[in-house]
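Participant: Shown below is the structure under consideration.
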Amino acid sequence: GSTTSGTQQTQIVAGTAPGFQPFEMMQDGELVGFDVDLLEAVVERADGYTLQRWEQYEFGSLIQALTTDKIDTIAAGMTITEKRKESIGFTNPYWDANQALLVREGSSFQPQSLEDLAGHTVGAQSGTTGESLIQDLIDEGTLKQSNYNAYPKYPLAVSDLENGNIDVVVIDTPVAETFVDNRDVVVSATVDTGEQYGFGVRQNDGDLESALNSGLQAVRDDGTYADLTEKWFAS
Ligand code: GLN
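The sequence shown: position 106 = 106 (the numbering used here), numbered continuously.
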């Protein structure tokens, strides 16, 4: 959790889950990505706070790490949802996303909608909004529970897709695009979910939330946000 140093700077710990390219990933043993650069730039402009270090978790464990004070903020392409807002707070949005249906290159199975997944084997990363869509299909009887494979990390789901162990991966659109560039997969359709990513904070940490929101505004105003978008998303 956060500690205050002599200069009245509160040191914060950020949590993320690498494997979500280009938002957070390991490169030559180093944690890099858009979220990493963005949060660092935001905290630099957030009055009274400095970033002490990054901690890595599986995506599905980040909220608990935050609520139990292991970390002070989440920067992990995390969608702001009503459900999550029952346990944590979020900054203002910093990215828009939808969900993509990712299939093997050359696959004859080209799902055009979630309903098309009926009878097929589906994968997603645990704890994600992609998983929630799949869970809805299971709940309404469209998909069998046994046809859903949950993975700790999306790259493992994509490997299973390439291997033919599953037929489709439900995953955020910007990250799907990166896998299309680097792996033997294609997007067969997108599902318009209108998601927005925010940095997660504890509900009782309104001071940090306000400081991060000011920092976000500052990086938008001074061109840093545009530079980072160019750095990580220009193709
Ligand atoms: N945006 C999705 C979510 O919030 C996926 C995030 C991720 O896998 N890092 O659930």
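Note that the Cβ used here is the ideal one computed from N, Cα and C, for glycine as well.
This structure is a prediction, so every number in the text was calculated from the model and none was measured.
1. When we look at the beta-carbon of Gln-110 and count the other beta-carbons within 10 Å, is it buried (16 or more) or exposed?
2. Please report the straight-line C-alpha distance between Glu-24 and Gly-198, rounded to a whole angstrom.
3. Do Leu-66 and Ile-88 come within 8 Å of each other at the CB atom, strictly closer than that value?
4. Which whole-angstrom value is the C-beta distance of Asp-160 and His-120, which I expect to be below 8 Å?
5. Between the C-alpha atoms of Thr-142 and Leu-133, what's the straight-line distance to the nearest angstrom?
6. Should Gly-194 be labelled buried (16 or more other beta-carbon atoms within 10 Å of its own) or exposed?
7. Ignoring anything shorter than 3 residues or poking outside the region 155-226, list the beta strand (DSSP E) runs there in chain order.
8. Mind pulling the beta strand (DSSP E) runs of 3 or more residues that sit fully within the region 73-113?
9. When the Cα of Lys-70 is compared with those of Gln-11, Leu-101, Val-158 and Ser-108, which residue comes out closest?
10. Taking the alpha carbon of Leu-216 as the reference point, which residue from Trp-95, Ser-61, Ala-17 and Gln-203 has its own alpha carbon closest?
11. Residues in its own chain within less than 7 Å of Gln-52 by CB, not counting five upstream and five downstream?
12. Decide if the region 168-187 is in contact with the region 208-215; the criterion is three or more beta carbon pairs, one per stretch, under 8 Å apart.
13. Return the CA-CA distance between Ala-176 and Phe-90, expressed in angstroms with no decimal places.
Facilitator: Let me lay it out:
1. Counting from one through the sequence shown, the residue named residue 110 turns up at place 110. The residue in question, Gln-110, is exposed, as its Cβ has fewer than 16 Cβ neighbours within 10 Å.
2. The sequence position of residue 24 within the sequence shown is 24, counting from 1. The sequence position of residue 198 within the sequence shown is 198, counting from 1. Looking at the two C-alpha atoms, the distance is approximately 14 Å.
3. Numbered from 1 along the sequence shown, position 88 holds the residue referred to as residue 88. Numbered from 1 along the sequence shown, position 66 holds the residue referred to as residue 66. In this structure, Leu-66 lies closer than 8 Å to Ile-88 by Cβ.
4. Position 160 of the sequence shown, counted from the start, is the residue given in the question as residue 160. Position 120 of the sequence shown, counted from the start, is the residue given in the question as residue 120. About 13 Å separates the two Cβ atoms, so there is no contact after all.
5. To locate residue 142, count along the sequence shown from 1; it is residue 142. To locate residue 133, count along the sequence shown from 1; it is residue 133. Their Cα atoms are separated by approximately 11 Å.
6. For this step, residue 194 is matched to residue 194 along the sequence shown. That one is exposed.
7. 168-172 and 185-197
8. 95-104
9. Taking the first residue of the sequence shown as 1, we reach residue 70 at position 70. Nearest C-alpha to Lys-70: Gln-11.
10. As a first step, residue 216 is located in the sequence shown; it is residue number 216 there, counting from the start. When only C-alpha atoms are compared, the closest one is Trp-95.
11. To locate residue 52, count along the sequence shown from 1; it is residue 52. Cβ within range, chain order: Gln-11, Ile-12 and Val-13.
12. no
13. As a working mapping, residue 176 is identified with position 176 in the sequence shown. As a working mapping, residue 90 is identified with position 90 in the sequence shown. Their backbone Cα atoms lie some 24 Å apart in a straight line.
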